[in-house]
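Visitor: Order-wise, the sequence lines are chains A and X.
Sequential numbering from 1 applies to the first sequence in UniProt numbering.
Sequential numbering from 1 applies to the second sequence in UniProt numbering.
Dropping a structure here in structure tokens format, bear with me for questions.
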Amino acid sequence: MDFSTPPPGGKFDGAQKGQLMEQVKAQIAVANAQELLQKMSDKCFKKCVSSPGSSLGNSETKCIAMCMDRYMDAWNVVSRAYTQRLQRERNK
Amino acid sequence: MDDPQMQRFLESETQKQRFQQLVHSLTDQCWDTCMGNPGQKLDRKTETCLVNCVERFIDTSNFVVNRLEKEGENYIRKESESVDKWN
């Protein structure tokens, strides 16, 4: 895919536009995944690795796995609550 | 960007991304407020706390905006008065 060459007349054709949109969507998805990953590592490190030893122990990895699942749960609860609030504000 | 289709697309993606970003930041804050030690599943108490946390955060943000709007004029008036005094 090459977007550096401006198309004739400065306009993208339909197929190029489609590709561009897909690329934008993919980049946004990557950015969101990175943000989630970073926050999860941060939160679960704080919750589960209170005194770092020479390696991650069994109980620590178990805690981290559980913490990751709960973080996703929390994310979904927050997302749902915020969506419902937005809908209520809009119907006011 | 004078392509209307592209403009609509970018506006809607920007809107969606703003939503996602706020969910990231709310989850971050409300996790610290509500989460004890992570268990086998999310318990009712934590879930209620998360929902309340989101609701009260939005209340707070609305209150801040409204109060500043209402009192903004007073602030500006006072500011200009005190500037007058110094001149």
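Just so it is clear, CB atoms sit at the ideal spot from N, CA and C, and this is done for glycine as well.
Let me know the secondary structure DSSP gives X:F9 once reduced to three states.
Guide: Counting from 1 along the second sequence, the entry for residue 9 of chain X is found at position 9. Here X:F9 sits in helix by DSSP.
Visitor: At a Cβ threshold of 9 Å, is X:V64 touching chain A?
Guide: Reading the second sequence from its first residue, position 64 is the one you call residue 64 of chain X. Closer than 9 Å: no.
Visitor: For the candidate residues X:S61, X:K78 and X:G39, whose alpha-carbon lies nearest to that of A:A74?
Guide: Taking the first residue of the first sequence as 1, we reach residue 74 of chain A at position 74. Answer by Cα proximity: X:G39.
Visitor: With a Cβ-Cβ cutoff of 9 Å, do X:V51 and A:A81 count as a contact?
Guide: Within the second sequence, numbered from 1, the residue matching residue 51 of chain X stands at position 51. Within the first sequence, numbered from 1, the residue matching residue 81 of chain A stands at position 81. Closer than 9 Å, so yes.
Visitor: Hey, X:T27 and A:V78 are a contact pair by Cβ (cut 8 Å); roughly how many whole angstroms apart?
Guide: For the purposes of this step, residue 27 of chain X is taken as residue 27 along the second sequence, with counting starting at 1. For the purposes of this step, residue 78 of chain A is taken as residue 78 along the first sequence, with counting starting at 1. X:T27 to A:V78, Cβ: 5 Å. Contact.
Visitor: Measure the CB-CB distance between X:F57 and X:Q29 and report whether it falls below 9 Å.
Guide: Against the second sequence, residue 57 of chain X aligns to sequence position 57. Against the second sequence, residue 29 of chain X aligns to sequence position 29. Taking 9 Å as the Cβ cut-off, X:F57 and X:Q29 qualify as a contacting pair.
Visitor: Rounded to a whole number of angstroms, what is the C-alpha to C-alpha distance between A:S41 and A:E35?
Guide: Locating residue 41 of chain A in the first sequence gives position 41, counting from the first residue. Locating residue 35 of chain A in the first sequence gives position 35, counting from the first residue. The alpha-carbon atoms of A:S41 and A:E35 are separated by roughly 10 Å.
Visitor: What runs of the alpha helix (DSSP H), each 4 residues or longer, lie entirely inside the region 5 to 86 of chain A?
Guide: List check, alpha helix (DSSP H) in window: 14 to 48.
Visitor: Between the C-alpha atoms of residue 173 of chain A and A:N91, what's the straight-line distance to the nearest angstrom?
Guide: Nothing can be reported for residue 173 of chain A: it is not among the residues displayed for chain A, which extend from 1 to 92.
Visitor: Count the other CB atoms within 10 Å of the CB of A:I64; is the residue buried (16 or more) or exposed (fewer)?
Guide: Sequence index remark: in the first sequence, residue 64 of chain A carries index 64 (1-based). Buried.
Visitor: Checking contacts by CB at 9 Å: is X:P7 closer than that to chain A?
Guide: Locating residue 7 of chain X in the second sequence gives position 7, counting from the first residue. The sequence shown places Gln at residue 7 of chain X, rather than the Pro named in the question. Cβ-Cβ to chain A under 9 Å: no for X:Q7.
Visitor: So what does DSSP say about X:D59, is it helix, strand or coil?
Guide: Numbered from its first residue, the second sequence carries residue 59 of chain X at position 59. Residue state, collapsed to three classes: helix.
Visitor: So for X:L42, helix, strand or coil by DSSP?
Guide: Within the second sequence, numbered from 1, the residue matching residue 42 of chain X stands at position 42. Note: X:L42 maps to coil in three-state DSSP.
Visitor: Roughly how many angstroms lie between the CA atoms of A:K46 and X:R67, to the nearest whole one?
Guide: For this step, residue 46 of chain A is matched to residue 46 along the first sequence. For this step, residue 67 of chain X is matched to residue 67 along the second sequence. Answer to the nearest angstrom: the Cα atoms are 36 Å apart.
Visitor: Around the Cβ of X:V54, are there at least 16 other Cβ atoms within 10 angstroms (buried) or fewer (exposed)?
Guide: Along the second sequence, one-based indexing puts residue 54 of chain X at 54. Answer is buried; the Cβ neighbour count reaches 16.
Visitor: Would you say A:R70 and X:K41 are within 9 Å of each other, going by their C-beta atoms?
Guide: Taking the first sequence and counting its residues from 1, the one referred to as residue 70 of chain A is at position 70. Taking the second sequence and counting its residues from 1, the one referred to as residue 41 of chain X is at position 41. Yes, the Cβ-Cβ distance between A:R70 and X:K41 is below 9 Å.
Visitor: Hey, does X:P4 have any beta-carbon neighbour from chain A nearer than 9 Å?
Guide: Here residue 4 of chain X refers to the residue found at position 4 when the second sequence is read from its first residue. X:P4 does not count as touching chain A.
Visitor: For A:K17, which of X:D3, X:I76 and X:T14 has the nearest alpha-carbon?
Guide: On the first sequence, position 17 is the one that residue 17 of chain A refers to. When each option's Cα is compared against that of A:K17, the closest is X:D3.
Visitor: What is the DSSP secondary structure of X:D3, reduced to helix, strand or coil?
Guide: For this step, residue 3 of chain X is matched to residue 3 along the second sequence. Reduced to three states, the DSSP call for X:D3 is coil.
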